[in-house]
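Structure record follows, encoded as C-alpha cells.
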Amino acid sequence: SDGARVPALVIGSGYGGQVTALRLAQAGVDVQLVEMGMAWDTPGSDGKIFANTTTPDQRSFWLRTRTKQPLSNFLGFPIDKDIPKYTGILDAEEFGGIIVYQGRGVGGGSLVNGGMAVTPKRENFGAILPTVDANEMYNTYYPRANAALGVGLIDPAWFDSAECYQYARVGRKQAQRSGFPFVFVPDVYDWNYMKQEQANTVPRSALAGEILYGNNYGKKSLQKTYLPQIQATGRVTISPLHRVAKVTPASGGGYTVTIEQLNTTGDVTVTKVVTAAKVFFAAGSVGTSKLLVKLKATGALPNLNGEVGKNWGDNGNVMVGRANQIWDPTGSLQSSIPCGGIDNWAAGGAFAEVAPLPTGIETWASFYLSITKNPNRAQFSWNAATQEVDLNWQTAWKQPGIDMAKSIFDKINAKEGTIYRTDLFGIYKIWGDHLTYHPLGGAVLNKATDNYGRLAGYQGLYAIDGSLIPGNTSVNPFVTITALAERNIEKIIATDF
Ligand code: FAD
27 SDGARVPALV
37 IGSGYGGQVT
47 ALRLAQAGVD
57 VQLVEMGMAW
67 DTPGSDGKIF
77 ANTTTPDQRS
87 FWLRTRTKQP
97 LSNFLGFPID
107 KDIPKYTGIL
117 DAEEFGGIIV
127 YQGRGVGGGS
137 LVNGGMAVTP
147 KRENFGAILP
157 TVDANEMYNT
167 YYPRANAALG
177 VGLIDPAWFD
187 SAECYQYARV
197 GRKQAQRSGF
207 PFVFVPDVYD
217 WNYMKQEQAN
227 TVPRSALAGE
237 ILYGNNYGKK
247 SLQKTYLPQI
257 QATGRVTISP
267 LHRVAKVTPA
277 SGGGYTVTIE
287 QLNTTGDVTV
297 TKVVTAAKVF
307 FAAGSVGTSK
317 LLVKLKATGA
327 LPNLNGEVGK
337 NWGDNGNVMV
347 GRANQIWDPT
357 GSLQSSIPCG
367 GIDNWAAGGA
377 FAEVAPLPTG
387 IETWASFYLS
397 ITKNPNRAQF
407 SWNAATQEVD
417 LNWQTAWKQP
427 GIDMAKSIFD
437 KINAKEGTIY
447 RTDLFGIYKI
457 WGDHLTYHPL
467 GGAVLNKATD
477 NYGRLAGYQG
487 LYAIDGSLIP
497 GNTSVNPFVT
507 ITALAERNIE
517 KIIATDF
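Sequence positions in the sequence shown follow the working numbering and run 27 to 523.
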C-alpha cells in the first residue's frame with residue numbers, strides 16, 4: 027500500500043520473479059510482488075478463466091482493439107478480429123523490426139507458453155552463460171528447477187498411437203527419412219491429463235486448442251507450481267494490475283518505488299509510492315530492459331553501467347510451414363502442446379519444434395518453430411522525443427536464422443518432394459520472421475550485473491529474469507531462466523540479507 031516500507035520488492039511474477047519471491051519468503055523475508063497483469067484466478071462469463079485460441083475475446087490480448095495472432099493468415103486469408111481493449115493475457119509488443127510476444131499476469135510467460143521445458147545440452151552451456159559454473163548448474167540448479175516446475179516427458183508408447191500427435195509422428199518420420207535426429211521434448215503439461223483428454227474422460231484443454239491465451243486444465247503453469255508454495259509462506263503480498271514506473275534511491279537508504287495501479291482498460295487509477303530496501307527486476311527481458319534503460323537515461327538510476335539495454339536476442343526464433351503430400355495427413359485433432367523436435371543444432375545451428383496447427387480440420391500442413399544460432403544482437407535505447415524505449419532490431423536480421431532453419435527444411439522438402447506453405451504469414455510469405463516468443467538479454471550477467479545479477483552501480487538492486495541471458499539458450503528458455511534465478515537468489519540470500 028501507499029507509503030509502505032518493505033524489505034524486498036519484486037517487479038514481475040514470471041519465472042524469475044516467482045523463484046525470487048518464494049526463496050526470499052522461505053528465508054524469512056517479507057516480499058511485495060508487483061505484477062502489471064491480472065491475477066487470472068476468476069472465470070469469465072463462459073465459466074472459464076482463459077479464452078480458447080480459436081475464439082479470441084477481450085481476455086486474449088494486452089490492451090489491443092484487434093487481435094495480433096502470430097499466424098496472421100490461413101489459406102491466405104487474414105484471421106485477426108476486433109476485440110474490446112482489456113488487460114488481457116498475451117502482449118504482442120511491437121518494436122520497429124520485431125513483435126515480441128509475452129505473457130501478462132501473475133505467472134508471466136508461463137500462462138501463455140507451450141510449456142516446453144528443455145535443459146540445454148551440457149556441451150552448449152558454455153556458449154549460453156560463459157561465466158556460470160556448469161557443474162553447479164547441472165548438478166544442483168537445473169535439477170531443482172525441473173523438479174519445482176513439474177517437468178515430465180510424454181510416454182513414448184502412447185505417442186506412437188495417440189490421434190492428437192499424428193502431426194508429430196509425421197514430423198518424426200520425415201525428419202528421420204532425411205537423416206535428422208527427432209528428440210522428445212519435455213513439458214510441464216500433465217501427461218496423464220493429456221491421455222485422459224484423448225480418451226474423452228475429462229474436459230479438453232490442449233486437445234481443444236488452448237495455449238496462447240491460457241490453458242484451463244492440464245498445463246502446470248506457475249499458477250500450479252511455484253505460486254501455491256509462495257502463498258503457503260504467508261510472507262508474500264501480490265499486487266496484480268500494478269505496474270512499476272520508477273525506482274530511485276531513497277534519501278534514508280533503500281529505494282523509492284513508484285507504482286501505478288491500472289484498471290482493466292489500462293488506465294492508471296492511482297499512483298503509489300513504496301520504499302524497498304532491495305528491488306528485484308524480474309519484468310522479463312523486455313520489461314526489465316525497458317525499465318533500466320529508461321531509469322538510467324532519465325536520471326533516476328544514472329549510475330547503471332553502459333551494458334544496460336545491450337546484448338538482446340530473439341533466441342533465433344523463426345516459424346515455417348510445409349505442405350505435405352496427400353498421403354501424409356497431419357490430423358484434424360492436434361494437441362496444442364508440442365512434444366518433439368528436430369535437432370540439427372551442432373551441424374546446422376537449428377533446433378526445430380514440430381508444432382501443432384490446431385485448426386480442427388485436416389490441413390496437410392507441418393508447422394515448425396525453430397530456435398536457431400542467429401548471432402545478431404540488438405540494443406534498447408531511450409527515445410527522448412517519444413519518451414519511450416526503442417529496440418533497434420531489424421527484420422532482415424532474421425536471415426541467418428532462416429538460413430539455419432533451411433538446413434533442415436530444404437532437405438526435408440527435397441526428400442519428400444514437398445514445398446513450403448505460403449499462406450500462413452500473409453500472401454505468398456514463407457517465413458515467420460516478424461516475431462519472437464523468446465526475448466533474452468538486455469541486462470546481461472557479468473556485464474550489466476555482477477556474476478549473480480547484482481546491478482552495477484547500486485547496492486540492493488538486482489536483475490533476475492531472462493534479461494540476464496545474452497540472447498540465446500539453444501533451446502526453449504524458461505528452464506534456464508528458472509535455474510539461473512534459483513542459483514542467483516541462493517547466493518544473494520546467503521550474502522546480502
Ligand atoms: P516473464 O515470464 O515474461 O515475466 C515477466 C512479468 O513481469 C510479466 O508477467 C509482466 O507482465 C511483468 N511486468 C513487466 N513489466 C512490469 C512492470 N513495469 N511492472 C510490473 N510488472 C511488470 N519458453 C519455453 O521455455 N518453452 C516454451 O514452450 C515456450 N513457449 C512460449 C510460447 C509463447 C506464446 C510465449 C510468448 C513464450 C514462450 N516461451 C517458452 C518463453 C517463456 O515463456 C519466457 O522465456 C519466460 O516466460 C520468461 O521468463 P521471465 O521470468 O524472464 O519473464
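Quick reminder that beta carbons are idealized off the backbone N, C-alpha and C, glycines included. As the structure is a computational prediction, the values presented were derived from the model and not from experiment.
Next item on the list: Output the distance between the C-alpha atoms of P355 and A51, rounded to the nearest integer angstrom.
Entry: 51 Å
Checklist line | Backbone secondary structure at M62 - three-state DSSP | finding: In the structure shown, M62 sits in coil (DSSP, three-state: anything other than H, G, I, E or B).
Next item on the list: Pull up the CB-CB distance for N172 and V505, whole angstroms please, since I reckon it's below 8 Å.
Entry: 7 Å
Note to self: Is V305 close to ligand 1? I mean its beta-carbon at under 7 Å from any heavy atom of the ligand.
What the structure shows: no
Notebook entry, point to check: Tell me, which residues are paired with Y127 by DSSP?
Noted result: A118
Notebook entry, point to check: Around the C-beta of W88, are 16 or more other C-beta atoms found within 10 angstroms, so that it is buried, or is it exposed?
Noted result: Per the 10 Å Cβ criterion, buried.
Next item on the list: Please classify F165: is it buried, with 16 or more other beta-carbons within 10 angstroms of its beta-carbon, or exposed?
Entry: In the sequence as presented, Phe is not what sits at residue 165; that position holds Asn. By the 10 Å Cβ count, N165 comes out exposed.
Notebook entry, point to check: Is it true that the CB of M62 sits closer than 8 Å to the CB of L288?
Noted result: yes
Next item on the list: Would you check whether ligand 1 has a heavy atom nearer than 7 Å to the C-beta of F393?
Entry: Checking every heavy atom of ligand 1 against the Cβ of F393, none is found closer than 7 Å.
Checklist line | Identity of the residues DSSP links to T297 by a beta bridge | finding: DSSP output for T297 lists E286 as bridge partner(s).
Notebook entry, point to check: Can you find a heavy atom of ligand 1 that lies under 7 Å from the Cβ of V60?
Noted result: yes
Checklist line | I154 beta carbon less than 8 Å from that of T499 | finding: yes
Check: Does ligand 1 have a heavy atom nearer than 7 Å to the CB of Y127?
Finding: Because some heavy atom of ligand 1 lies under 7 Å away, the Cβ of Y127 counts as near it: yes.
Check: Just to check, is the beta-carbon of L155 closer than 7 Å to a non-hydrogen atom of ligand 1?
Finding: no
Check: Is DSSP giving L487 helix, strand or coil here?
Finding: strand
Margin query: Helix, strand or coil, according to DSSP, for E333 in the structure here?
Written below: coil
Check: Roughly how many angstroms lie between the CA atoms of T291 and D117, to the nearest whole one?
Finding: 14 Å
Next item on the list: Please say whether Y127 and T508 have beta carbons closer to each other than 8 Å?
Entry: no
Margin query: Just to check my reading of the structure: W457 and V380 have Cβ atoms closer than 8 Å, yes? What is that Cβ distance to the nearest angstrom?
Written below: The pair is not a contact, with the Cβ atoms about 17 Å apart (cut-off 8 Å).
Margin query: According to DSSP, simplified to helix, strand and coil, what is S311?
Written below: When DSSP states are grouped into helix, strand and coil, S311 belongs to the helix group.
Margin query: Taking the alpha-carbon of V57 as reference, which of P96, T301 and S98 has the nearest alpha-carbon?
Written below: Looking at P96, T301 and S98, the one whose alpha-carbon comes closest to that of V57 is T301.
Next item on the list: Give, in chain order, every unbroken run of the alpha helix (DSSP H) that is at least 4 residues long and sits entirely within the stretch 381 to 446.
Entry: 425 to 442
Notebook entry, point to check: Cα-Cα, which of F451, P229 and G468 is closest to L417?
Noted result: G468
Note to self: Under 7 Å: does the beta carbon of R85 sit that close to some heavy atom of ligand 1?
What the structure shows: no
Notebook entry, point to check: Thinking C-beta only, is G38 closer than 8 Å to Q129?
Noted result: According to the sequence provided, residue 129 is Gly. The question's Gln does not apply to it. Not a contact, by the Cβ cut-off of 8 Å.
Notebook entry, point to check: Any heavy atom of ligand 1 closer than 7 Å to the Cβ of I507?
Noted result: yes
Next item on the list: For W371, name the three-state secondary structure that DSSP assigns.
Entry: helix
Check: Is V55 near I264, with beta carbons less than 8 Å apart?
Finding: no
Item checked: Contact the stretch 409 to 424 vs the stretch 173 to 186: 3+ CB pairs below 8 Å -> no
Next item on the list: Look at the Cβ atom of T93, then the Cβ atom of K74, and state whether they are nearer than 8 Å.
Entry: no
Margin query: Which of the three DSSP states is assigned to W184 in this structure?
Written below: Here W184 sits in helix by DSSP.
Notebook entry, point to check: Hey, out of R230, P266 and L461, whose CA is closest to M11's CA?
Noted result: Residue 11 cannot be examined here, being either before or after the span of the chain that is shown, 27 to 523.
Check: R31 lies in the beta strand (DSSP E); which residues open and close that run?
Finding: R31 to I37
Check: Is R348 near F451, with beta carbons less than 8 Å apart?
Finding: Cβ atoms of R348 and F451: not closer than 8 Å.
Item checked: Through-space distance from L179 to V32, alpha-carbon basis -> 40 Å
Margin query: In whole angstroms, give me the CA-to-CA distance for R198 and T145.
Written below: 21 Å
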